[in-house]
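S.K.:
Here is the structure:
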């Protein structure tokens, strides 16, 4: 029993380390998207989401608030066009939000973000 407990503790620790490393990788890769041209929208917010994503469902009211102030392009990463766009821009997690100005990605948010925080970058 003690061996099983130690093994479970080790596996849980490895899981958390792996999640931390993956999160770090995703954030670092998302910073690399900043400065790239975005052809589908000249000004506004691009919101990558999935219908099955719990965080995306919680962010939906924030996206609706944004829509009242700026143009929002919603991209379902599981649709044919959305999947291609997500691959093209290296989107690895949902929700991911781009702030686009003059056709250039100025800021990338990965994960839940308040609409007010996104508006600060618009």
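In my numbering, the protein residues as written are 303 to 424.
Glycine included, each C-beta is placed from N, C-alpha and C at the ideal position.
With the cut-off set at 7 angstroms, would you say residue 347 and residue 374 are in Cβ contact?
M.R.: Contact flag set, yes.
S.K.: If I'm right that residue 311 touches residue 351 with Cβ under 8 angstroms, what's the distance once you round it to whole angstroms?
M.R.: Residue 311 to residue 351, Cβ: 35 angstroms. No contact.
S.K.: Can you give, in chain order, each stretch of the beta strand (DSSP E) that sits fully within the region 372-412 and has at least 3 residues?
M.R.: Segments of the beta strand (DSSP E) lying fully in the region 372-412: 374-378, 398-403 and 406-412.
S.K.: Per DSSP, what kind of secondary structure is residue 340 in: helix, strand or coil?
M.R.: Coil, per DSSP.
S.K.: Does the separation of the CB atoms of residue 402 and residue 424 fall below 7 angstroms?
M.R.: In this structure, residue 424 does not lie closer than 7 angstroms to residue 402 by Cβ.
S.K.: Ends of the alpha helix (DSSP H) at residue 365?
M.R.: Unbroken alpha helix (DSSP H) run through residue 365: 356-369.
S.K.: Go ahead and pull the three-state DSSP assignment for residue 306.
M.R.: Here residue 306 sits in helix by DSSP.
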